[in-house]
Amino acid sequence: MKACVRGAAVALTAVSTAVALAACGSSAVDPPGGGGTPRIAVLLPDATTARWETQDRPLLEKRITQRCPECSIQHANARGDVAIQQEQMDSVITSGADAIVLVPVDARSLGTAVTKAAEAGIPVISYDRLSEGPISGYVSFDGEEVGRLQGRALLKAMGRHATRPEIVMMNGDPSDPNAVSFKKGALSVLTGKVKIGKAYDTLDWRTETAYMNMSGAIAALDADRIQGVYAANDGLAAGSISSLKANKVAPLPPVTGQDAELGAVRRIVAGEQYMTVYKPFDPEASAGAAMAVAAARRSPLAEVGKDTVHTSRGKAVPAVLLTPVPVTAGTIKDTLVKDGFYTVRQICVPRLLAACSRAGLL
16 MKACVRGAAV ALTAVSTAVA LAACGSSAVD PPGGGGTPRI AVLLPDATTA
66 RWETQDRPLL EKRITQRCPE CSIQHANARG DVAIQQEQMD SVITSGADAI
116 VLVPVDARSL GTAVTKAAEA GIPVISYDRL SEGPISGYVS FDGEEVGRLQ
166 GRALLKAMGR HATRPEIVMM NGDPSDPNAV SFKKGALSVL TGKVKIGKAY
216 DTLDWRTETA YMNMSGAIAA LDADRIQGVY AANDGLAAGS ISSLKANKVA
266 PLPPVTGQDA ELGAVRRIVA GEQYMTVYKP FDPEASAGAA MAVAAARRSP
316 LAEVGKDTVH TSRGKAVPAV LLTPVPVTAG TIKDTLVKDG FYTVRQICVP
366 RLLAACSRAG LL
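Quick note: the sequence shown uses this note's numbering, first residue 16, plus one each step.
Pasting the structure below:
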């Protein structure tokens with residue numbers, strides 16, 4: 016029975032032309048297409064961060080299908096487990112995928128699987144997170160710029176405070192190269208201008224861990240000393256804010272975020288979270304789809320990726336690096352609403368009608 020459950024955990028779903036499921040007790044996946052049909056695997060890291068299944072997956076599938084109606088698409092989510100994602104990589108390599116779009120759970124740990132894919136002649140497009148190993152292309156946003164935007168916003172929000180206000184840093188998972196970039200960018204802005212009272216790295220980006228860590232920071236520092244919170248994404252912001260509220264901290268200090276999750280946008284309107292970073296998912300998915308289809312068809316990726324990044328082995332590969340956008344209460348209408356990312360109705364639930372009016376959304 017345990018073998019069957021494990022097999023189900025690493026099963027991959029194919030859309031567009033067929034459904035391919037790993038046989039119980041085996042990591043192999045039956046080819047979803049055949050007869051020359053291009054096969055593209057989309058391997059996502061977890062379901063903790065809402066964007067992967069609610070935004071990236073459907074957008075990638077849509078854009079791949081638009082570019083390549085005959086392509087079949089295999090999807091799998093590793094649920095935050097490195098071993099499961101390694102098995103999923105082995106599965107799509109064995110089944111003969113023509114290209115793999117990979118968001119690694121752990122960039123370093125997946126390097127060996129990327130090498131196996133390259134040895135099998137399967138190009139790997141590293142999506143949003145830069146994986147180690149011989150990737151063929153990369154699509155993401157400028158991670159250091161994300162951190163700089165967050166840092167600048169936090170300084171602006173704390174402008175009323177005295178020199179060198181004290182902050183808490185809620186960094187992301189240190190195994191995620193993006194988290195390292197966010198932190199580096201933020202520190203390039205904050206160093207020398209704030210005192211970092213407490214700093215935490217948050218494994219798996221877990222909201223509940225941020226809650227626990229913020230509670231620890233409040234106990235160690237005293238709430239009155241916390242004048243700002245650098246939260247690397249909206250999930251960490253949510254945990255931090257929940258902890259601040261549970262500990263009766265009022266007024267709330269400014270808190271940063273990232274990913275423009277709907278809950279975060281509502282918190283910004285309500286005045287609980289100061290800002291988020293909007294990374295338009297459609298342009299990223301469109302670029303990822305274009306690179307994946309080109310890779311599956313063995314077309315030059317440099318025609319898609321005009322930028323370059325260097326792999327862990329120092330090789331330059333084609334890349335698409337997109338520009339992130341900061342969002343505060345006063346800019347929601349001209350960014351997220353204007354782009355059709357959310358409607359005013361989605362944001363302005365009944366309890367927020369007055370706040371939405373103040374933010375110019377109504």
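Where is the CB? At the ideal position from N, CA and C, for every residue including glycine. As the structure is a prediction and not an experimental result, all values here were calculated from the model.
Buried or exposed: ALA125, going by 16 or more other Cβ atoms within 10 Å of its Cβ? Translated into the one-based positions of the sequence shown, residue 125 becomes position 110. Strictly speaking, residue 125 in this sequence is Leu, with Ala absent from that position. So LEU125 ends up on the buried side.
Within a Cβ cutoff of 6 Å, which residues of the same chain sit near MET184, ignoring the five residues on either side of it in sequence? Working through the sequence shown from its first residue, we reach residue 184 at position 169. Excluding sequence neighbours, MET184 sits near ILE211, ALA214, TYR245.
Considering only their Cβ atoms, is the gap separating ILE137 from GLY152 smaller than 8 Å? As a working mapping, residue 152 is identified with position 137 in the sequence shown. As a working mapping, residue 137 is identified with position 122 in the sequence shown. No. Outside cutoff.
On the three-state DSSP scale, how would you describe GLY212? As a position in the sequence shown, residue 212 is number 197, starting the count at 1. In this structure, GLY212 counts as strand in the three-state DSSP scheme.
Of the residues ALA194, ASP96, ASP71, PRO149, the one placed nearest GLU159, counting alpha carbons only: Taking the sequence shown and counting its residues from 1, one reaches residue 159 at position 144. The shortest Cα separation from GLU159 among ALA194, ASP96, ASP71, PRO149 belongs to ALA194.
Please report how far the alpha carbon of ASP121 lies from the alpha carbon of LEU164, in whole angstroms. Within the sequence shown, the letter at position 106 stands for residue 121. Within the sequence shown, the letter at position 149 stands for residue 164. Taking the straight line joining both Cα atoms gives about 25 Å.
Within its chain, find whatever has a CB closer than 6 Å to the CB of PHE93; leave out the 5 residues flanking it on each side and keep chain order. Taking the sequence shown and counting its residues from 1, one reaches residue 93 at position 78. Here residue 93 is Ala; the residue named in the question, Phe, does not match the sequence. Same-chain partners within the cutoff: PRO60, ILE99, GLN100, VAL120.
Can you tell me where the alpha helix (DSSP H) holding GLY158 begins and where it ends? The residue you call residue 158 lines up with position 143 of the sequence shown. Per DSSP, GLY158 belongs to the alpha helix (DSSP H) from 158 to 172.
Which term fits LYS199, buried or exposed, when burial requires 16 or more other beta carbons within 10 angstroms of its beta carbon? To locate residue 199, count along the sequence shown from 1; it is residue 184. Flag for LYS199 reads exposed.
Rounded Cβ spacing between VAL364 and ARG282 (contact assumed at less than 8 Å): Looking up residue 364 in the sequence shown gives position 349. Looking up residue 282 in the sequence shown gives position 267. Actually they do not touch by this definition, with Cβ atoms about 12 Å apart.
Would you please state the rounded distance, in angstroms, between the beta carbons of LEU74 and ALA300? I believe it to be under 8 Å. Within the sequence shown, residue 74 is the residue found at index 59, counting from 1. Within the sequence shown, residue 300 is the residue found at index 285, counting from 1. The Cβ separation is near 4 Å, so the contact holds.
Inter-residue CB distance, ALA275 and TYR293 (contact presumed, cutoff 8 Å): As a position in the sequence shown, residue 275 is number 260, starting the count at 1. As a position in the sequence shown, residue 293 is number 278, starting the count at 1. Yes, ALA275 and TYR293 are in contact; Cβ-Cβ is about 4 Å, under 8 Å.
Should HIS90 be labelled buried (16 or more other beta-carbon atoms within 10 Å of its own) or exposed? In the sequence shown, residue 90 corresponds to position 75, counting from 1. Buried, because 16 or more other Cβ atoms sit within 10 Å of the Cβ of HIS90.
Using the Cβ count rule (16 or more neighbours within 10 Å means buried), how would you classify ARG312? Start at 1 with the first residue of the sequence shown, and residue 312 comes out as number 297. Per the 10 Å Cβ criterion, exposed.
Taking C-beta to C-beta, are ALA252 and ALA114 nearer than 8 Å? Residue numbering aside, residue 252 sits at position 237 when the sequence shown is read from its first letter. Residue numbering aside, residue 114 sits at position 99 when the sequence shown is read from its first letter. Against a cut-off of 8 Å, the Cβ pair of ALA114 and ALA252 comes out as no contact.
May I have a chain-ordered list of the alpha helix (DSSP H) segments no shorter than 4 residues that lie completely inside the segment 47 to 133? 72 to 82, 97 to 110
What does the Cβ neighbour count give for LEU368, buried or exposed, with the cut at 16 atoms within 10 Å? Residue 368 sits at position 353 when you count from the first residue of the sequence shown. Exposed is the call here.
So for MET227, helix, strand or coil by DSSP? Looking up residue 227 in the sequence shown gives position 212. Reduced to three states, the DSSP call for MET227 is helix.
What would DSSP say about GLY155, mapped onto helix, strand or coil? For this step, residue 155 is matched to residue 140 along the sequence shown. Per the sequence shown, residue 155 should be read as Ser rather than Gly. In the structure shown, SER155 sits in a strand (DSSP, three-state: E or B).
Output the distance between the C-alpha atoms of ARG360 and CYS371, rounded to the nearest integer angstrom. Position 345 of the sequence shown, counting from 1, holds the residue named residue 360. Position 356 of the sequence shown, counting from 1, holds the residue named residue 371. In a straight line, the C-alpha of ARG360 is about 10 Å away from that of CYS371.
With a threshold of 6 Å on Cβ separation, who are the neighbours of GLY166 within its own chain once the five nearest residues in sequence on each side are excluded? Indexing the sequence shown from 1 puts residue 166 at position 151. Around GLY166: ALA201, VAL204, LEU205.
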